[in-house]
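For reference, the structure discussed in these notes is given below.
Numbering (our numbering), first residue to last: 56 to 214.
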């Protein structure tokens, strides 16, 4: 059927092909073109990026409550580690012109689920009530450097 159609209307086929080739660039090609991920190197002495931008999404690496050297946890257990972890996540967000309101997904890993209430109390301080990111929380057998908590997040960052 298609062959018959093209034989019957060769002028229409030529016209359509000409339109397709001669169509002006309306910017659609550039807006749908693939963009390479943009990597934000970690300030810590480890082989990972602190964040990677892919399209309009910023993926943050998991963060823990380490000191400035990145080689030791801050003293004080779950409370101190959680606050330091949030400070580190906040610094990564700021490097991209974002804040905690731009997060839409967080994954929380706890070395001891009995510390979940202490973590939750601090977590709630960083977000407006009713505007929390979606979240998963799980107990894990171990975290880097023996951390009590680790959290990775995903943020909306329109380009």
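No residue lacks a Cβ here, since even glycine has one placed at the ideal position from N, Cα and C.
(request) Have a look at 213, 199, 212, 214 and flag the residue whose alpha-carbon is nearest the alpha-carbon of residue 117. (result) Position 62 of the chain shown holds residue 117. Nearest C-alpha to residue 117: 199.
(message) So the candidates are 98, 169, 153, 140; which of them puts its Cα closest to the Cα of residue 111?
(response) Indexing the chain shown from 1 puts residue 111 at position 56. Per the Cα distances, 153.
(request) Output yes or no for whether 8 Å exceeds the beta carbon distance between residue 159 and residue 210. (result) Here residue 159 refers to the residue found at position 104 when the chain shown is read from its first residue. Here residue 210 refers to the residue found at position 155 when the chain shown is read from its first residue. Contact flag set, yes.
(message) So within the region 116-174, which uninterrupted alpha helix (DSSP H) runs reach at least 4 residues, ignoring any that extend past its ends?
(response) Listed in chain order, the alpha helix (DSSP H) runs fully inside the region 116-174 are 132-150, counting runs of at least 4 residues.
(message) Determine whether the beta carbon atoms of residue 127 and residue 121 lie at a separation below 8 Å.
(response) Stepping through the chain shown from its first residue, residue 127 is reached at position 72. Stepping through the chain shown from its first residue, residue 121 is reached at position 66. Going by C-beta atoms, residue 127 is nearer than 8 Å to residue 121.
(message) For a cutoff of 8 Å on Cβ pairs, would you count residue 145 as touching chain D?
(response) The structure shown contains no chain D; it holds only a single protein chain.
(message) Here's the rule I'm using: 16 or more other beta-carbon atoms within 10 Å means buried, otherwise exposed. How should residue 90 be labelled?
(response) Here residue 90 refers to the residue found at position 35 of the chain shown. Residue 90 is classed as exposed because its beta carbon has fewer than 16 other beta carbons within 10 Å across all chains shown.
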